[in-house]
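Heads up, the thing below is written out as structure tokens.
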Ligand SMILES: Cc1cc2nc3c(=O)[nH]c(=O)nc-3n(C[C@H](O)[C@H](O)[C@H](O)COP(=O)(O)OP(=O)(O)OC[C@H]3O[C@@H](n4cnc5c(N)ncnc54)[C@H](O)[C@@H]3O)c2cc1C
Ligand SMILES: Cc1cc2nc3c(=O)[nH]c(=O)nc-3n(C[C@H](O)[C@H](O)[C@H](O)COP(=O)(O)OP(=O)(O)OC[C@H]3O[C@@H](n4cnc5c(N)ncnc54)[C@H](O)[C@@H]3O)c2cc1C
């Protein structure tokens, strides 16, 4: 047996022994996933047991190095673990912007001190992070952002406003783009890390069309951000005034994540499930579902290829933009079809049968997929320019 | 297995790309033969060169003198065929007929494989009966007669049929037309008496036959596989052919897209390169995405087929349907974005549109395969 095959066998056994049956149920609402953080609580014992087993094993962040809280898995082993988790429908033991976004940025740009501290905190679910990029006047044109950090020697005084900050009201720390040089558009932004419990940071939830309010306005009024948190642990990632490089790098990860390239719900075929729920399918709807399934199963193959190539540095560096564009548009289409197949039942907003209008709320929430993390139009601009090399794009 | 080419495959891709761009180029092959009204629709010289390159017998097992490669490798050759619109019996001979012959007796393989590997002979398959691909129904009959069979009926869309030294024919030996069982495959030689071709040129300049069998006498050793057990061989052949056609379609899509993106960088209107207009940029970027995905699912299907996975059949249909969508988009956007010049015979983009149209139909179009995906998924 090859190493990889014996790893698969071991993993299967470990999952069998450690993943409680409750954690193999589909995720029904946000509380079904553990996000960690200072104020976090577990929904039930199974969630706690599953999280703790994974944390012990390094499986909250399986491919990070062991010294930073991961399990040090190779890309191939990581793929096996994902496949085996998918096989039993295991929920992720821990979700967070720290895992998806800040972590990869620190692994790439961070100092040893930053990695030791922040990565371990993320892996252990101790600190929950949020992402402060967008501002009221700066969405797609992010680099025009104006939240300003005035240099006071050993610290900055930050003033400004962020918006659409997901889970800012539940987060402990923020990674935040702050202008530190007003003369220099691209090379005048610093990627800062600071504690939101400090003076001057406040958040105000915004209600979405889905009725939930997972994002906020985030205000910074004379927030004091020290330049360093101790030995080899600066309060910024990369260099001062070079935060745009970090932000751009991170956007790649964000897009990859939103794209659903890793498989799961977002790439699955749905026709068979729709028929089970709806009974007879209208023939034209059936045809649309079939066309959708062709696209979804093809996209799943693309996701696999994309990740395989990413792990070995093949593939175009701007490819995450393509994945994000297609994956999110596909997800919107999926929910349109699910609503159509669901009929009037799918309209119910609060009933128990619909788990509190889960379908309708998800349908509305997916409309944000092609906006958050860069809109579809912006993705197409990037593909035109960076991949197709079209003029003046 | 990672979903990209391994080192050997990457090397083959490079070789095939270079070879096809030089020897299989549109001016040298497609236009050359078309403009001479060639009744074969392809060049035998190039077929010999395919043999020298090792392409003709790449799917044939090593024991039979082939290279024993898989469908990922055949797909690499086909993608380059598609990109250059190279007219070639590769798909019908080296993929479809070769897959059928894998199930043939020692005698059959010994009789037909060497000629294929040498690039001396060209084979094809006769499956369709009617204008649409419906292999679930086979009415063409082979009745027992003495030690052999008597074949009668009609087949359509037999590509390069009149030029083929042998045709793999799917015929009914028992049961009724739409039964899954009761099919037998026969290797019918070109000189079989009672077989006649109505050979027609198609929109893409390739040739195809309506073949009529009128009591064609076949001896027992013309049977490929088991009598009445041909459905399995037919399915294997269809999977291989569909994945192969998908790979060729990816090449057609890529070729059309490359031409078009190039054109966007050259053509000026309103004092600008037309590639500067966002209305065209977004469509080109969308097209790029679709072509990438079509390639990914095609390689995936080929890997599953090579691995003997039970998912191969489903994914072959997914790939065939997805490629049809992507390539269809590529050629339509290609002609549109070229403006008036895209409508001219002199310009190559229209040739991509024609080849795509023929490939769409070959072994089932996107509607057939999307329907099949639904059925196989249980709805
Ligand atoms: C659910 C959700 C969660 C989010 N979470 C976060 C978060 O945690 N942190 C954070 O910082 N931000 C977050 N965002 C913000 C998100 O990144 C922005 O909404 C996004 O970048 C778009 O900016 P905008 O909303 O200002 O739209 P605009 O940029 O104003 O865009 C409006 C429309 O114009 C189009 N458009 C803009 N520019 C162009 C162009 N050059 N060419 C063609 N079309 C163009 C857009 O595509 C869009 O259709 C979140 C957003 C949502 C919806
Ligand atoms: C069959 C046929 C018959 C014809 N008959 C006649 C005739 O009798 N008399 C005559 O004078 N002409 C005739 N024409 C020419 C026809 O009017 C032109 O082909 C047409 O105006 C397009 O111009 P073009 O071919 O130069 O394409 P281009 O203008 O070069 O366009 C190329 C592509 O760029 C796009 N494009 C161009 N500008 C923009 C922009 N600003 N924004 C977004 N996209 C843009 C176009 O939509 C097209 O997709 C004929 C053309 C055809 C195909």
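Chains as they are written, first to last, in the working numbering: chain H, 1 to 393; chain Z, 1 to 379. Glycine residues also receive a C-beta, built at the ideal position from the N, C-alpha and C atoms. Just so we're clear, the structure is a prediction, and the values are computed from it rather than from any experiment.
Item: Near-chain Z residues of the segment 251 to 275 of chain H (beta-carbon distance less than 8 Å), N- to C-terminal order; Value: 269, 271, 272, 274, 275
Item: Proximal residues of chain H, C-beta to C-beta of residue 273(Z) below 9 Å; Value: 390, 391, 392
Item: Any chain Z beta carbon closer than 9 Å to residue 306(H); Value: yes
Item: Min CB distance residue 380(Z) to chain H below 9 Å; Value: Since the displayed chain Z opens at 1 and closes at 379, residue 380(Z) lies outside it and no answer follows.
Item: The beta strand (DSSP E) enclosing residue 184(H), as first and last residue numbers; Value: Looking at the DSSP string, residue 184(H) is not in any beta strand (DSSP E), and its letter there is neither H nor E.
Item: Residue 224(Z) to residue 31(Z) span [Cα, whole Å]; Value: 37 Å
Item: 7 Å CB neighbourhood of residue 26(Z) in its chain, flanking five on each side removed; Value: 84, 85, 348, 351
Item: For residue 129(H), the residue or residues it bridges with in DSSP; Value: 173(H)
Item: Contact list for residue 294(Z) against chain H, beta-carbon separation under 8 Å; Value: 298
Item: The segment 93 to 113 of chain H contacting the segment 124 to 132 of chain H, beta-carbon criterion three pairs below 8 Å; Value: yes
Item: Per DSSP, cross-strand counterpart(s) of residue 277(H); Value: None, per the DSSP bridge assignment.
Item: Entirely enclosed alpha helix (DSSP H) segments - the segment 18 to 53 of chain Z, minimum 4 residues; Value: 30 to 35, 44 to 53
Item: Residue-level contact to chain Z via CB, residue 326(H), 9 Å cutoff; Value: yes
Item: Assigned secondary structure, residue 226(H) (DSSP; H/G/I helix, E/B strand, else coil); Value: strand
Item: The segment 312 to 327 of chain H touching the segment 249 to 256 of chain H, judged by at least three CB pairs closer than 8 Å; Value: yes
Item: Ligand 1 heavy atom lying under 8 Å from the CB of residue 54(H); Value: no
Item: Proximity test, Cβ basis, 9 Å: residue 309(H) and chain Z; Value: yes
Item: Sub-9 Å separation of residue 301(H) and residue 300(Z) beta-carbons; Value: yes
Item: Contact with chain H by residue 370(Z), beta-carbon distance below 9 Å; Value: yes
Item: Opening and closing residue of the beta strand (DSSP E) in which residue 156(Z) lies; Value: 148 to 159
Item: Assigned exposure category for residue 156(H) - 16 Cβ within 10 Å defines buried; Value: buried
Item: Residue-chain proximity (residue 358(Z), chain H), Cβ-Cβ < 9 Å; Value: no
Item: Runs of beta strand (DSSP E) wholly within the segment 204 to 230 of chain Z (minimum 3 residues, chain order); Value: 207 to 218
Item: Counted within 10 angstroms of its Cβ, other Cβ atoms place residue 88(H) as buried (16 or more) or exposed; Value: exposed
Item: Chain H within 9 Å of residue 276(Z), Cβ atoms only; Value: yes
Item: Any non-hydrogen atom of ligand 2 closer than 8 Å to residue 339(Z) Cβ; Value: yes
Item: Terminal residues of the alpha helix (DSSP H) in which residue 293(Z) lies; Value: 278 to 306
Item: C-beta neighbour in chain H for residue 227(Z), strict 9 Å; Value: no
Item: Distance between beta carbons of residue 245(Z) and residue 362(Z), contact taken as under 8 Å; Value: 5 Å
Item: Contact set for residue 281(H): own chain, Cβ-Cβ below 6 Å, skip 5 residues either direction; Value: 275
Item: Closest Cα partner of residue 152(H) within the set 77(H), 29(H), 223(H), 230(H); Value: 223(H)
Item: Residue 195(H) - partner residues in DSSP beta bridges; Value: 173(H)
Item: Coil, strand or helix - residue 19(H) by DSSP; Value: coil
Item: Minimum Cβ-Cβ distance from residue 381(H) to chain Z less than 9 Å; Value: yes
Item: Short CB-CB distance (under 9 Å) between residue 387(H) and chain Z; Value: yes
Item: Endpoints, the beta strand (DSSP E) within which residue 183(Z) is located; Value: 183 to 189
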